[in-house]
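S.K.: Which chain is which? The protein sequence lines are L and A, in order. Numbering of the first sequence is given in the working numbering, commencing with residue 1181 and proceeding in unit increments. Numbering of the second sequence is given in the working numbering, commencing with residue 1181 and proceeding in unit increments.
Number of protein chains: 2
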Amino acid sequence: MVGIEEVLRAASLRVTRPRVAVLSAVTSHPHADTETVIAAVREQYPTVSHQAVYDSLKLLTELGVVRKIQPHGHSARYEARVGDNHHHVVCRNCGMVADVDCSVGDSPCLCASDDHGFLIDEAEVIYWGLCPECQFSSQTP
Amino acid sequence: MVGIEEVLRAASLRVTRPRVAVLSAVTSHPHADTETVIAAVREQYPTVSHQAVYDSLKLLTELGVVRKIQPHGHSARYEARVGDNHHHVVCRNCGMVADVDCSVGDSPCLCASDDHGFLIDEAEVIYWGLCPECQFSSQTP
DNA sequence: TCGTTATCTTGACTCATTCAAAAAAAGCCG
DNA sequence: CGGCTTTTTTTGAATGAGTCAAGATAACGA
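#1: Can you pull the chain L residues whose beta carbon is under 8 Å from the beta carbon of A/Phe1298, in chain order?
#2: Should L/His1268 be labelled buried (16 or more other beta-carbon atoms within 10 Å of its own) or exposed?
#3: Under the three-state reduction of DSSP, which class applies to L/Cys1314: helix, strand or coil?
#4: Any residues in the region 1202-1224 of chain A with a beta carbon nearer than 9 Å to a beta carbon of chain L? Which ones, in chain order?
#5: Establish whether the CB of L/His1252 and some CB of chain A are separated by less than 8 Å.
#6: Specify whether the region 1184-1203 of chain A and the region 1235-1250 of chain A touch according to this definition: at least 3 beta carbon pairs, one from each stretch, less than 8 Å apart.
#7: Give me, in chain order, the residues of the same chain whose beta-carbon lies closer than 6 Å to that of A/Val1305; leave out the 5 immediate sequence neighbours on both sides.
#8: Quick one: what's L/Gly1309 bridged to in DSSP?
#9: Which residues share a DSSP beta bridge with A/Asp1281?
#10: DSSP three-state call for A/Ala1190: helix, strand or coil?
#11: On a Cα-Cα basis, can you pick out the residue from A/Asp1295, A/Arg1261 and A/Ala1232 that is closest to A/Arg1199?
#12: When you compare the CB positions of L/Val1202 and L/Leu1237, do they come within less than 8 Å of one another, or not?
#13: One question on the structure: do L/Ala1212 and L/Val1221 come within less than 8 Å of each other, judged by their Cβ atoms?
#14: Tell me the residue span of the alpha helix (DSSP H) that contains A/Tyr1234.
#15: State yes or no: is the C-beta of A/Arg1272 within less than 8 Å of the C-beta of A/Gly1309?
#16: Considering Cα atoms alone, identify which of L/Thr1241, L/Val1195 and L/Gly1297 is closest to A/Asp1279.
#17: Using a Cβ-Cβ cut-off of 8 Å, state whether A/Asp1295 counts as contacting chain L.
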């Protein structure tokens, strides 16, 4: 884990309990959704407001310390694995997320064939399917 | 445009005014969000309920007649271009969407290097950036 | 330690989307 | 063509993730 205090201080931001607790929660619960993050944070710091968690997550995301994943139809999820080029598989049934290193290499699909004049800064890839568990159980939502 | 009546009948579904109007609206307004689709449908059929439009869109999406795009932070968008392999560029600022044919070819990134036992059926790619217009105007939301 | 200012708490609010019950209309059948 | 059954639509309320705003609190530089 990166030194969060340093990251925050470097950005002239205060090192506060919610922020540290949120990063710790995201680190120990990869791909947790917001609700889960709030619950995890409250284990160490029972009185945090959901707002503080939302704020911290947003902040940490902007600082690049955590990464936000938002599969459609599911609430946002967060992970502390950043800086490498990896994507996600999402289960259509239960929303479970797993990491995937793209087969193409470092920067797959980063250059679109025709960018329509857009200034592209990120390519997001999500694989959709069924997780092992949901393949066996009869896929009822 | 595909014969929507045939598609619906083939699926044992009724050919109704909302459904036909929704497909027509999506066809003539590529990448329109739900609100825009509702407005467009109401130009031909002023009394449709939003619910009927939602239902029709969901149905047409399931039938594969239209495709749903859900960029995070923006409401769902729909397009009638289906069956080919294309992706989207989304403007972070205004939410505008444009089509992109992937540079890699027909099926980019379809096989993840390690699928974790998932049964993958779709790879979704979204390029994020700024549309030409928002690059010039000072990107204020 | 003190004061300034960023951050957190609280609680209300938004807005796309969904739910549910009753009304309407597709289309099968005679 | 007109009635009947079933699917769709209407209507209106509800949900839920996420945001907003004002006052209270706590970081941290001096």
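Glycine residues also receive a C-beta, built at the ideal position from the N, C-alpha and C atoms.
M.R.: Let's see:
#1: Val1269, Cys1271, Ala1278, Tyr1307, Gly1309, Leu1310, Cys1311 and Pro1312
#2: buried
#3: helix
#4: none
#5: yes
#6: yes
#7: His1267
#8: L/Cys1271 and A/Ile1300
#9: A/His1266
#10: helix
#11: A/Ala1232
#12: yes
#13: no
#14: His1230 to Leu1243
#15: yes
#16: L/Gly1297
#17: yes
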